[in-house]
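Working notes, beginning with the structure itself.
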Amino acid sequence: MRGVEPEDWEEFKRFDQDSEVQRNADMVHVARSDAGYVQWAEEQSLRKPENDEFQLAIEALDNDTLVGALSTNGTSRRAGRFSFGIAIGRNFHRRGYASDALVILLRFMFAERRYHKAEAGIYGYNQASIALHESLGFTHEGVLRDHEFLDGAYQDMVLMGITAEEFSHRHMRR
0 MRGVEPEDWE
10 EFKRFDQDSE
20 VQRNADMVHV
30 ARSDAGYVQW
40 AEEQSLRKPE
50 NDEFQLAIEA
60 LDNDTLVGAL
70 STNGTSRRAG
80 RFSFGIAIGR
90 NFHRRGYASD
100 ALVILLRFMF
110 AERRYHKAEA
120 GIYGYNQASI
130 ALHESLGFTH
140 EGVLRDHEFL
150 DGAYQDMVLM
160 GITAEEFSHR
170 HMRR
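Per numbering that gives the first Met the number 0, the sequence shown starts with residue 0, numbered consecutively.
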């Protein structure tokens with residue numbers, strides 16, 4: 000993982016041209032111009048993390064190809080929890096990029112930033128993401144029924160979480 004660079008704009012544009020990737024990450028956005036993507040990437044590259052909220056590019060180690068992005072949000076040092084989002088381009092699904100990136104993120108947020116819990120909200124139809132989070136040790140914590148309007152219908156939001164202790168038992172080297 001690395002910071003977003005100005006030259007990443009073309010790859011982010013490609014990701015945005017795939018409505019399924021957009022829906023799984025957030026929602027389908029209105030199209031923007033190349034200049035809009037250039038400006039967005041430049042702004043992201045210069046943006047300083049605030050309150051442990053940041054966006055990172057995910058790239059393949061073997062060829063430096065941008066394969067996706069992740070971001071933290073909803074950070075609360077007082078409560079000891081944070082949320083995150085992750086999106087991987089369709090051509091890069093099921094290659095372990097999301098799993099690897101999330102383990103690195105969780106290790107950083109728990110071991111370096113002293114957070115206690117990570118939370119994820121996943122659309123109920125996104126079974127691949129639910130399975131990924133289960134494989135990492137996340138627990139189902141609830142469902143917000145008919146929570147978001149996407150693709151012509153209201154969708155459930157599956158809430159999942161993992162504590163630092165749960166993560167440590169599964170993923171930290173002793």
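Idealized CB from N, CA, C, for every residue including glycine.
| Asked | Found |
| --- | --- |
| Quick one: what's got a C-beta closer than 6 Å to Ala163's C-beta in the same chain, skipping five residues either side? | Phe109 and His115 |
| Could you check how far apart the C-beta atoms of Gly84 and Glu118 are, in whole angstroms? I think they sit under 8 Å. | That pair is no contact at about 11 Å. |
| Within the stretch 59 to 111, note down every full beta strand (DSSP E) run reaching 3 residues or more, in order along the chain. | 65 to 75 and 80 to 87 |
| Between the stretch 93 to 101 and the stretch 121 to 137, are three or more C-beta pairs nearer than 8 Å? | yes |
| Leaving out the 5 sequence neighbours to the left and right, which residues in its chain are closer than 8 Å to Phe148 when beta-carbon positions are compared? | Gln154 |
| Is DSSP giving Val249 helix, strand or coil here? | Look at the range of the chain in this structure, 0 to 173, and you will see that residue 249 is not part of it. |
| Please look up how many angstroms separate the CB atoms of His170 and Val157, rounded, as I've assumed it's under 8 Å. | In fact, because the Cβ distance is near 21 Å, the residues do not count as touching under 8 Å. |
| CA-CA distance, Glu111 and Leu105? | 10 Å |
| Note the first and the last residue of the continuous beta strand (DSSP E) segment covering Phe148. | Thr138 to Leu149 |
| Just to confirm my understanding: we take Leu143, look at its own chain, exclude 5 residues before and 5 after, and list those with CB closer than 6 Å. What are they? | Met156 |
| Under the three-state reduction of DSSP, which class applies to Val29: helix, strand or coil? | coil |
| Which of the three DSSP states, helix, strand or coil, is assigned to Lys47? | coil |
| Relative to the C-alpha of Leu135, which candidate in Leu101, Tyr122, Ile121 and Ala152 has its C-alpha closest? | Leu101 |
| Just to confirm, is the Cβ distance from Phe53 to Ser70 under 8 Å? | yes |
| Output needed for Arg13: all residues of its chain with C-beta closer than 8 Å, excluding positions within five of it in sequence on either side, in chain order. | Gly88 |
| Please state whether DSSP places Tyr114 in a helix, a strand or coil. | coil |
| Among the candidates Gly123, His146 and Val66, whose CA atom is the shortest distance from the CA of Arg93? | Val66 |
| On the criterion of 16 or more Cβ atoms from any shown chain inside 10 Å, does Asp200 qualify as buried, or is it exposed? | Residue 200 lies beyond the range of the chain shown here (0 to 173); nothing can be said about it. |
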